[in-house]
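Chains as they are written, first to last, in our numbering: chain R, 699 to 1083; chain W, 181 to 473.
So, in structure tokens, the structure goes:
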């Protein structure tokens, strides 16, 4: 279906990635946002607070991030499309509720505008240190979807995609900005509502007698209902059966958790998104995401000017990770070079998939700024040898 | 000698428990210990709902974690068993997203006032339209009887083996100070008063709060040598004083001391959504789209 025009601020804008994220949420049909102020993500909720009164939405600033991340889930079960927004320390506080959303299969979007950590770290400066936390942060086994925009335009586009994926797979979806993308101001084109494709919530439409809250179809995703619709649902974070009732057995645990992981795994082909440039015949492929994809460009250009054959693979979706693509490329290249604003996170995933078939060089940066492209260039040059 | 004939309950056409319709009978038996007060409070709640005339399909119940956190799972309503301490913010989202729902939070003292204490005070401050029923058994039952913010001074607990020296909360005073519009306290012995209070609370617009003192014979009573559940009922009967309208400052609880019961607060204050809609309508004019859910 198309977007509700009331939320779509169609036209060309000059806004930052945080504001673009707010507009993406509005266009996606999000009408409930709970948040708590934290740099560098606060602008997202500030714009939401400003815009929502005129589109029939409700924003509430909760008492902390723990409250925000569960209030949205109450609202989701009342039928709303929902989002919460945070950075570093707040993201840590939200971890338990990412697990609750995964376990209860509650569609919701978590935005993390990454700043340098650990702990309070560098509140106003960029990092990409939450990438593994995004994947594994909540306790227990589950799967997750995480998107990494590299521009304000993509912040808008991927926020819409995050909402669509959350609905399609009934899962929390994480939008992993970094401070640079959040605060970078560029031209953002918001298309008219009729050109924005929205995935509506899939509601159960069978008989009440046959209704089972967690009975999944062939896509492994159960249809949803709302509180107040008369189904007398029971939703719990305990391991549960298809009725939603607690089931305290290893068999029930296996069935539930395996489906949670499989619904992302078997649909990974539809979820994964990456952009490639000149990877065919390349000796070195630079793997990037978020702001690092932009600091890598001058480095790649420098290397190419010297005759090195360098490709670029940018992760638009970080999780699920494009395992097969990396495996295939690993057989044909000498090395992957992975610049990131941490001291080794997504590079570990590249290394795992390369499985020794080629070298993997991480170009680490602890955060607080971005790479000097020359450092990435040097890593490429070393790897070509 | 006549032959014994055994008939099942259905063959005997026994009268059904009048609250069966409010329970998920397919989840029985419940987990609560013999002599526990939580089941009694649930019975009162079912009767309160029955007499309230509320449409059951439009009631949602939200619990946290713990013995009382299991209440949501046994009620035949839209029911949410959330994370530890977070029933109130979940309920806030549920209520604000669909104001037509009657949202009831039903949980324990540790869940709502220790780990969830911050959410309790803020929901009361905002006057979010919800009812909070707090079963106070003075301890963490599910995890084995640890000290709670409600454990009376000198009472022992597994993590306060020599007695509790921390000042406990006076919950009605806390709720009133933060802005609750309805505050009452009863015990699991005072079932008629409790039922009436629960009915009034769910019919009240705004943040309503009912504290129910209930026995935990397995952990709190046994450790403190207070006898079984019945002995606690006798204590409640003999040591309670009903003082409706009492100043909540004066209703704090001492170890096995006097228990002041009653309806302490019943006042009116615009709810969160009423305030928001009125404020925005006034300040933003016609461009504001009044929020209806």
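The beta-carbon is built from N, C-alpha and C at its ideal position, and this holds for glycine as well. Note that the coordinates shown come from a computational prediction; the quantities given were computed from them, not determined experimentally.
Given the structure, does residue i come close to the ligand PLP, in the sense that its CB is under 7 Å from one of the ligand's heavy atoms?
i, result
"residue 847 of chain R", "This structure lacks the ligand PLP; in fact it carries no ligand of any kind."
In angstroms, rounded to a whole number, what distance separates the CA positions of residue i and residue j?
i, j, result
"residue 452 of chain W", "residue 214 of chain W", "40 Å"
"residue 436 of chain W", "residue 1016 of chain R", "58 Å"
"residue 140 of chain W", "residue 1061 of chain R", "No statement about residue 140 of chain W is possible, as the shown extent of chain W runs from 181 to 473 and does not include it."
"residue 330 of chain W", "residue 311 of chain W", "20 Å"
"residue 765 of chain R", "residue 229 of chain W", "28 Å"
"residue 1085 of chain R", "residue 922 of chain R", "For residue 1085 of chain R there is no data in the structure shown, the boundaries of chain R being 699 and 1083."
"residue 790 of chain R", "residue 227 of chain W", "42 Å"
"residue 408 of chain W", "residue 220 of chain W", "15 Å"
"residue 885 of chain R", "residue 952 of chain R", "48 Å"
"residue 904 of chain R", "residue 931 of chain R", "15 Å"
"residue 456 of chain W", "residue 466 of chain W", "15 Å"
"residue 883 of chain R", "residue 849 of chain R", "9 Å"
"residue 345 of chain W", "residue 841 of chain R", "45 Å"
"residue 865 of chain R", "residue 843 of chain R", "12 Å"
"residue 772 of chain R", "residue 834 of chain R", "23 Å"
"residue 300 of chain W", "residue 1009 of chain R", "55 Å"
"residue 361 of chain W", "residue 443 of chain W", "11 Å"
"residue 860 of chain R", "residue 1043 of chain R", "22 Å"
"residue 1027 of chain R", "residue 839 of chain R", "29 Å"
"residue 351 of chain W", "residue 434 of chain W", "13 Å"
Candidates the options: which alpha carbon is nearest residue i's?
i, options, result
"residue 340 of chain W", "W:350, W:327, W:348, W:333", "W:327"
"residue 811 of chain R", "R:875, R:794, R:924, R:749", "R:875"
"residue 828 of chain R", "R:787, R:799, R:797", "R:787"
"residue 870 of chain R", "R:961, R:819, R:823, R:1014", "R:961"
"residue 211 of chain W", "R:944, R:1065, R:975", "R:944"
"residue 707 of chain R", "R:888, R:776, R:803", "R:888"
"residue 784 of chain R", "R:976, R:877, R:861", "R:877"
"residue 343 of chain W", "W:295, W:400, W:289", "W:400"
"residue 1006 of chain R", "R:1077, R:1014, R:858", "R:1077"
"residue 977 of chain R", "R:963, R:1002, R:988", "R:1002"
"residue 1021 of chain R", "R:716, R:975, R:971", "R:971"
"residue 471 of chain W", "R:745, R:992, R:955, R:758", "R:758"
"residue 780 of chain R", "W:277, W:305, W:352, W:376", "W:277"
"residue 255 of chain W", "W:195, W:307, W:455, W:201", "W:201"
"residue 830 of chain R", "R:816, R:821, R:820", "R:816"
"residue 1051 of chain R", "R:808, R:1033, R:746", "R:1033"
"residue 290 of chain W", "W:274, W:349, W:241", "W:349"
"residue 206 of chain W", "R:942, R:927, R:986", "R:942"
"residue 388 of chain W", "W:246, W:252, W:199, W:446", "W:446"
"residue 926 of chain R", "W:199, W:217, W:240", "W:240"
Report the three-state DSSP secondary structure of residue i (helix, strand or coil).
i, result
"residue 867 of chain R", "helix"
"residue 711 of chain R", "strand"
"residue 909 of chain R", "coil"
"residue 759 of chain R", "strand"
"residue 743 of chain R", "helix"
"residue 1012 of chain R", "strand"
"residue 459 of chain W", "helix"
"residue 897 of chain R", "coil"
"residue 736 of chain R", "coil"
"residue 781 of chain R", "strand"
"residue 328 of chain W", "coil"
"residue 334 of chain W", "coil"
"residue 955 of chain R", "helix"
"residue 993 of chain R", "helix"
"residue 730 of chain R", "strand"
"residue 706 of chain R", "coil"
"residue 1019 of chain R", "coil"
"residue 938 of chain R", "strand"
"residue 888 of chain R", "strand"
(request) May I have a chain-ordered list of the beta strand (DSSP E) segments no shorter than 3 residues that lie completely inside the stretch 200–281 of chain W? (result) Entirely contained in the stretch 200–281 of chain W, the beta strand (DSSP E) runs reaching 3 residues are, in chain order, 239–243, 258–261.
(message) To test your reading of the DSSP string, which unbroken beta strand (DSSP E) runs of 3 or more residues are found completely within the stretch 792–816 of chain R?
(response) Those beta strand (DSSP E) runs which fall completely within the stretch 792–816 of chain R and span 3+ residues are 806–814.
(request) Please specify which runs of the alpha helix (DSSP H), each continuous and at least 4 residues long, are wholly inside the stretch 1034–1074 of chain R, giving them in chain order. (result) Restricting attention to alpha helix (DSSP H) runs no shorter than 4 residues, the stretch 1034–1074 of chain R encloses them at 1044–1052, ordered along the chain.
(message) Three Cβ pairs or more, each shorter than 8 Å: is that satisfied between the stretch 401–419 of chain W and the stretch 433–449 of chain W?
(response) Contact between the stretch 401–419 of chain W and the stretch 433–449 of chain W is present, because at least three Cβ pairs lie under 8 Å.
(request) Would you be able to state if there are at least three C-beta pairs under 8 Å between the stretch 230–240 of chain W and the stretch 890–910 of chain R? (result) Touching, no, given that fewer than three Cβ pairs across the two stretches are closer than 8 Å.
(request) Assess, as a yes-or-no matter, whether the stretch 1064–1072 of chain R is touched by the stretch 823–842 of chain R under the definition of 3 or more beta carbon pairs within less than 8 Å. (result) Enough Cβ pairs lie closer than 8 Å, so yes.
(message) With three or more C-beta pairs closer than 8 Å as the rule, is the stretch 296–314 of chain W touching the stretch 275–284 of chain W?
(response) Yes, since at least three Cβ pairs between the stretch 275–284 of chain W and the stretch 296–314 of chain W fall closer than 8 Å, the two stretches touch.
(request) Within the stretch 337–412 of chain W, note down every full beta strand (DSSP E) run reaching 3 residues or more, in order along the chain. (result) Correct list: 362–367, 387–393.
(message) Restricting to runs no shorter than 3 residues, where is the beta strand (DSSP E) found entirely within the stretch 819–886 of chain R?
(response) For secondary structure counted as the beta strand (DSSP E) over 3 or more consecutive residues, the stretch 819–886 of chain R holds these complete runs in sequence order: 820–824, 843–845, 870–876.
(message) When you compare the stretch 852–861 of chain R with the stretch 720–735 of chain R, are there three or more beta-carbon pairs, one atom per stretch, that lie closer than 8 Å?
(response) The stretch 720–735 of chain R and the stretch 852–861 of chain R touch, with three or more beta-carbon pairs separated by less than 8 Å.
(message) Does the structure place the stretch 762–782 of chain R close enough to the stretch 263–273 of chain W that three or more beta carbon pairs sit under 8 Å?
(response) The stretch 263–273 of chain W vs the stretch 762–782 of chain R: in contact.
(message) Between the stretch 249–262 of chain W and the stretch 929–936 of chain R, can you find at least three pairs of beta-carbon atoms closer than 8 Å?
(response) Yes, since at least three Cβ pairs between the stretch 929–936 of chain R and the stretch 249–262 of chain W fall closer than 8 Å, the two stretches touch.
(message) Could you check whether the stretch 750–760 of chain R touches the stretch 794–809 of chain R, counting it as contact only if at least three pairs of C-beta atoms, one from each stretch, sit closer than 8 Å?
(response) With a cut-off of 8 Å, the stretch 794–809 of chain R and the stretch 750–760 of chain R do not count as touching, because too few Cβ pairs lie within range.
(message) I'd like the ranges of any beta strand (DSSP E) spanning at least 3 consecutive residues and lying wholly in the stretch 428–457 of chain W.
(response) Within the stretch 428–457 of chain W, the complete beta strand (DSSP E) runs of at least 3 residues are 439–446.
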